[in-house]
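Residue numbers (the numbering used here), protein chains in the order written: chain A, 221 to 522; chain B, 359 to 883.
See the structure below:
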């Protein structure tokens, strides 16, 4: 750590010593840990900017990404098109701004789906053990050994490349990791004393699972979910690159996919959406790291 | 003075080059391996039961045909050393060469010709090609007489390798379904200049010189490797760095433009006259809003052909406006060309009662495209039709068969498509318009469900008309009607290019491109 952190350290420790009687709210603690990881803090800031750009961008920058506004393949910066135009003379900047929403949405919904399936499967397996666990884990393993990209390509090819199908395809191949993490956490926590205490006081299974164990199992799942958003965005871009994309919806991957044939002549048409994907996924990954620091209680004692 | 000297120098250098190339053309180098890239995976290698140039390229090397064609559409002897057409046009006699053998050593006889015609009639999708052939008489082993029920001017052009390969009766006549015969892909017993060594799907087809080929001293090459490379950029890079010697049916304008500048390569649009590829936007005339001819016309007026020619094809494609290729002697330009006119388009839709809604849109349509190269046109259609208040959804298909299934089962509004004329209109044009050719499940039939009695009649008459001028007149009226009723809107010729390394001598730039025998191709020292 550089000399910047020193005063902060001492101030927190001072603050800590002053309020030593009153336990700090764990969220505040976590936030402190998160901010300490400065890469994560910067990444979060950039991510917020990207989200804002996705929400406000299309409203401020009105150009329809499907309108042909200028001659095809105008290089960036010319004729007032900051990122240039593509093979039909469509504004790439407009495409990237409109695509932000879609790419983030695909990332978020695929991650949510992953978490939902993963947590349900993992929780049931970890809580009930026995034949339930055997069955669910065998299913999980089955999905785990399938090559993910190929499997999602099959789903998209079968049901047609619409955004919903693509999101479901990504979710359907990504959940095993979450399921395994959740199961591991459940296996650990279900043996802890406070769970035994709850069980002894007659708490129902459902409540035990979702009100007692799950909140304590959440931290690693949240970290995994943050990383999942990034990998889902990458996944969508990969599918688009292979041409499995909905041509009626602009996403970053779709821009790259449709401009791929021109990569040797007009590389900027794929560079800008590529950079957008790169920055977003990097930020999500760094934020994931930051969350890991913040939510991992063992680190906090260091 | 300096310029004059320079010009002199250039002139003499050109003269020397011409002289040397003339010598080289006279004395082709024998031996060597040609690496040729195929953009599509052929389903199998037997063009007798499979249409398409993916099968045509290896097929024309493996199988010989009665005739071959030079650049001027003039028939040349091949398996038939001579031929006569009867005065009444009702029979064609082929005199076969005597020393021709199949790759297994069996002689090629008139029996095999008769068998090949029968197999093609029964199994090839181009039904009109040999439809008037009632029987093939075989008075002796080297004479085959094709009897016709009516004059059939399209027949002679159909006797080329792409459409009439001579296949061995003793192999393919064993009772198995010729379309699914195992020897369509493996152990092919052909009659052509090259024999099959290996066909490895998605990788390559390796062909080897057939030493007992009936044309003395040919083929020049020892070996031909056809690499199956579907990605146009990968092919472009391969051509550029010399890994690939020859590629045909190249169509991506930017790649072609770039490769034209490479010193070691030549890119030419020559060689596709008989293929006659046209790009068009086909409409479903049986259901939905596109069943209304005014909607179809409005769409045609709203699509800017110049944009397609100059922006999408970068100026390397030619304008086309009817279902007949402009390179054909039967093409007629005296038709409505639907030059861009948004006011007229809007007027047509207003008059037909399609009111604009609050969002400025009148109705929704979908547009399909069969393969990735067509996607820019589909996306362009979306942008262009928005201007006249038609909300277009671009539908992509995961692969070619899914697209073909949708279109051939009439599950579409509009689709971009490329269709080949295949030489004579009887073979490649009639199928698109004949009301008798509306066959569910068959792609490149009359998938537009277009019906017009006069058009049917005109095609019927033109098909048997032996007088070229009268024939052209009939086709002119035909073209006028179909561009007026617009079951499909033709925009341009597909700018197929052949790209070859300058080391390649005699590249296949006749009328059939790579679907012709490449026995004269050689690799320069």
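C-beta: ideal position from N, C-alpha, C; glycine also.
| request: Give the C-beta separation of residue 490 of chain B and residue 508 of chain B to the nearest angstrom, bearing in mind that I take them to be a contact with Cβ-Cβ under 8 Å. | output: Taking the first residue of the second chain as position 1, residue 490 of chain B is located at position 132. Taking the first residue of the second chain as position 1, residue 508 of chain B is located at position 150. 5 Å between Cβ atoms; contact.
| request: Whole angstroms is fine: what's the gap from residue 320 of chain A's alpha carbon to residue 274 of chain A's? | output: Indexing the first chain from 1 puts residue 320 of chain A at position 100. Indexing the first chain from 1 puts residue 274 of chain A at position 54. Distance between the alpha carbons of residue 320 of chain A and residue 274 of chain A: 5 Å.
| task | Output, in chain order, the set of chain A residues within a Cβ distance shorter than 8 Å of residue 762 of chain B. | result | In the second chain, the residue the question calls residue 762 of chain B occupies position 404. Below the 8 Å Cβ cutoff, chain A contributes no neighbours of residue 762 of chain B, its closest Cβ being approximately 15 Å away.
| Short Cβ contact (7 Å threshold) for residue 635 of chain B with residue 854 of chain B | Along the second chain, one-based indexing puts residue 635 of chain B at 277. Along the second chain, one-based indexing puts residue 854 of chain B at 496. In contact: residue 635 of chain B and residue 854 of chain B (Cβ atoms closer than 7 Å).
| For a contact meaning CB atoms closer than 9 Å, what does residue 485 of chain A contact in chain B? | By 1-based counting over the first chain, the position of residue 485 of chain A is 265. Neighbours of residue 485 of chain A in chain B, taken as residues at a C-beta separation under 9 Å, are given in chain order as 612, 613, 615, 616.
| Test: residue 738 of chain B CB closer than 7 Å to a CB of chain A | Within the second chain, residue 738 of chain B is the residue found at index 380, counting from 1. For residue 738 of chain B, at least one C-beta of chain A is nearer than 7 Å to its own C-beta.
| Where residue 336 of chain A falls, given that 16 or more other Cβ within 10 Å makes a residue buried | Mapped onto the first chain, residue 336 of chain A falls at position 116. It counts as exposed.
| message | Given this structure, state the Cα-to-Cα distance separating residue 383 of chain A from residue 761 of chain B, to the nearest angstrom. | response | Taking the first chain and counting its residues from 1, one reaches residue 383 of chain A at position 163. Taking the second chain and counting its residues from 1, one reaches residue 761 of chain B at position 403. For residue 383 of chain A and residue 761 of chain B, the distance between alpha carbons rounds to 19 Å.
| Going by beta carbon distance, what residues of the same chain come within less than 8 Å of residue 379 of chain B, once the five residues before and after it are set aside? | Numbered from its first residue, the second chain carries residue 379 of chain B at position 21. Reliability fails at residue 379 of chain B, whose pLDDT of 43 lies under 50, so the model's placement of it is uncertain and no value is given.
| CB-CB under 8 Å to residue 386 of chain B, same chain, minus the five flanking residues each way: which ones, in chain order? | By 1-based counting over the second chain, the position of residue 386 of chain B is 28. Cβ neighbours of residue 386 of chain B beyond the five flanking positions: 578, 863, 864, 878, 880.
| message | Tell me which residues share the same chain as residue 382 of chain B and place their Cβ nearer than 8 Å to its Cβ, disregarding the 5 neighbours each side in the sequence. | response | Counting from 1 along the second chain, the entry for residue 382 of chain B is found at position 24. Annotation note: pLDDT 45 at residue 382 of chain B (below 50); position unreliable, coordinate value reported separately. Only 863, 882 meet the Cβ criterion.
| field | Three-state class that DSSP yields for residue 380 of chain A in the structure shown | value | If you number the first chain from 1, residue 380 of chain A lands on position 160. In the three-state scheme derived from DSSP, where H, G and I count as helix and E and B as strand, residue 380 of chain A is classed as coil.
| message | Nearest by alpha-carbon distance to residue 565 of chain B: which of B:621, B:572, B:552 is it? | response | Within the second chain, residue 565 of chain B is the residue found at index 207, counting from 1. In this structure, B:552 is the residue among B:621, B:572, B:552 with its C-alpha nearest to the C-alpha of residue 565 of chain B.
| request: Give the DSSP bridge partners of residue 493 of chain B, in chain order. | output: Along the second chain, read from residue 1 onward, the residue named residue 493 of chain B stands at position 135. Per DSSP, B:505.
| said: To the nearest angstrom, how far is the alpha carbon of residue 449 of chain A from that of residue 739 of chain B? | reply: If you number the first chain from 1, residue 449 of chain A lands on position 229. If you number the second chain from 1, residue 739 of chain B lands on position 381. Taking C-alpha positions only, residue 449 of chain A is separated from residue 739 of chain B by approximately 34 Å.
| query | What is the rounded straight-line gap between the Cα of residue 555 of chain B and the Cα of residue 540 of chain B? | reply | Position 197 of the second chain holds residue 555 of chain B. Position 182 of the second chain holds residue 540 of chain B. Rounded to whole angstroms, residue 555 of chain B and residue 540 of chain B show a C-alpha spacing of 15 Å.
| If you pair each beta-carbon of the stretch 656–671 of chain B with each one of the stretch 696–708 of chain B, do three or more pairs fall below 8 Å? | They touch, by the three-pair rule.
| request: Please list the residues of the stretch 279–300 of chain A that have a C-beta atom closer than 9 Å to any C-beta atom in chain B, keeping them in chain order. | output: Look at the stretch 279–300 of chain A: the residues with a C-beta under 9 Å from a C-beta of chain B are 284, 286, 287, 288, 291, 292, 293.
| query | Going by alpha carbons, who is nearest to residue 603 of chain B out of B:427, B:594, B:609, B:531? | reply | Here residue 603 of chain B refers to the residue found at position 245 of the second chain. The candidate whose alpha carbon is nearest that of residue 603 of chain B is B:594.
| Which residue or residues does DSSP assign as beta-bridge partners of residue 441 of chain B? | If you number the second chain from 1, residue 441 of chain B lands on position 83. Answer is B:452.
| message | Using DSSP's beta-bridge definition, name the partner residues of residue 858 of chain B. | response | Reading the second chain from its first residue, position 500 is the one you call residue 858 of chain B. In the DSSP output, where bridge partners are listed per residue, residue 858 of chain B has B:604, B:624.
| Taking DSSP as the reference, what is the three-state secondary structure of residue 873 of chain B? | Taking the second chain and counting its residues from 1, the one referred to as residue 873 of chain B is at position 515. Residue 873 of chain B falls in the helix class under three-state DSSP.
| task | Would you identify the three-state DSSP class for residue 719 of chain B, choosing helix, strand or coil? | result | Start at 1 with the first residue of the second chain, and residue 719 of chain B comes out as number 361. Looking at residue 719 of chain B - three-state DSSP - the assignment turns out to be coil, as it is neither helix nor strand.
| query | List, in order along the chain, the chain B residues whose C-beta lies closer than 8 Å to that of residue 309 of chain A? | reply | One-based indexing of the first chain puts residue 309 of chain A at position 89. Within chain B, the residues whose beta carbon sits less than 8 Å from that of residue 309 of chain A are 669, listed in sequence order.
| said: Just verifying my parser: in three-state terms, what is the DSSP assignment at residue 379 of chain B? | reply: Numbered from 1 along the second chain, position 21 holds the residue referred to as residue 379 of chain B. Its pLDDT being 43, under 50, residue 379 of chain B is placed unreliably by the model, and the measurement read from it follows with that caveat. If DSSP states are grouped into helix, strand and coil, residue 379 of chain B belongs with the helices.
| Looking only at C-alpha atoms, which of B:429, B:743, B:559, B:529 sits nearest to residue 653 of chain B? | As a first step, residue 653 of chain B must be located in the second chain, where it is residue number 295. Among B:429, B:743, B:559, B:529, the Cα nearest to that of residue 653 of chain B belongs to B:743.
| task | Between the Cα of residue 745 of chain B and those of B:769, B:818, B:622, B:714, spot the shortest distance and give me the residue it belongs to. | result | Walking along the second chain from the start, residue 745 of chain B turns up at place 387. Checking every option, the nearest Cα to that of residue 745 of chain B belongs to B:714.
| said: Counting only Cβ-Cβ distances shorter than 8 Å, please list the residues of the stretch 441–475 of chain A near chain B, keeping chain order. | reply: Listed in sequence order: 463, 464, 465, 466, 467, 468.
| query | Hey, how far is the Cα of residue 434 of chain A from the Cα of residue 346 of chain A? | reply | By 1-based counting over the first chain, the position of residue 434 of chain A is 214. By 1-based counting over the first chain, the position of residue 346 of chain A is 126. Here the alpha carbon of residue 434 of chain A sits roughly 11 Å from the alpha carbon of residue 346 of chain A.
| Cβ separation of residue 833 of chain B and residue 820 of chain B, assumed to be a contact under 8 Å, to the nearest whole Å | Sequence index remark: in the second chain, residue 833 of chain B carries index 475 (1-based). Sequence index remark: in the second chain, residue 820 of chain B carries index 462 (1-based). Indeed, because the Cβ distance is near 5 Å, the residues count as touching under 8 Å.
| task | List the endpoints of the continuous beta strand (DSSP E) containing residue 434 of chain B. | result | Walking along the second chain from the start, residue 434 of chain B turns up at place 76. In the DSSP assignment, residue 434 of chain B falls within the unbroken beta strand (DSSP E) covering 433–435.
| query | At which residue ranges does the stretch 627–658 of chain B contain complete beta strand (DSSP E) runs of 3 or more residues, listed in the order of the chain? | reply | Whole beta strand (DSSP E) segments, 3+ residues: 635–641.
| Close-in-space but distant-in-sequence residues of the same chain around residue 473 of chain B (CB under 6 Å, 5 per side omitted) | Locating residue 473 of chain B in the second chain gives position 115, counting from the first residue. Closer than 6 Å at Cβ, skipping near neighbours: 527, 531.
| field | Three-state secondary structure (DSSP) of residue 566 of chain B | value | As a first step, residue 566 of chain B must be located in the second chain, where it is residue number 208. Correct three-state label for residue 566 of chain B: strand.
| Which residues in the same chain as residue 283 of chain A place their Cβ atom closer than 7 Å to its Cβ, once the five residues preceding and following it in sequence are excluded? | Counting from 1 along the first chain, the entry for residue 283 of chain A is found at position 63. Taken in chain order, the residues that qualify are 289, 311, 314.
| request: Report all residues from its chain with a CB closer than 7 Å to the CB of residue 662 of chain B; omit the five preceding and five following residues, and keep chain order. | output: In the second chain, counting from the first residue as 1, residue 662 of chain B sits at position 304. Result list for residue 662 of chain B: 698, 742, in chain order.
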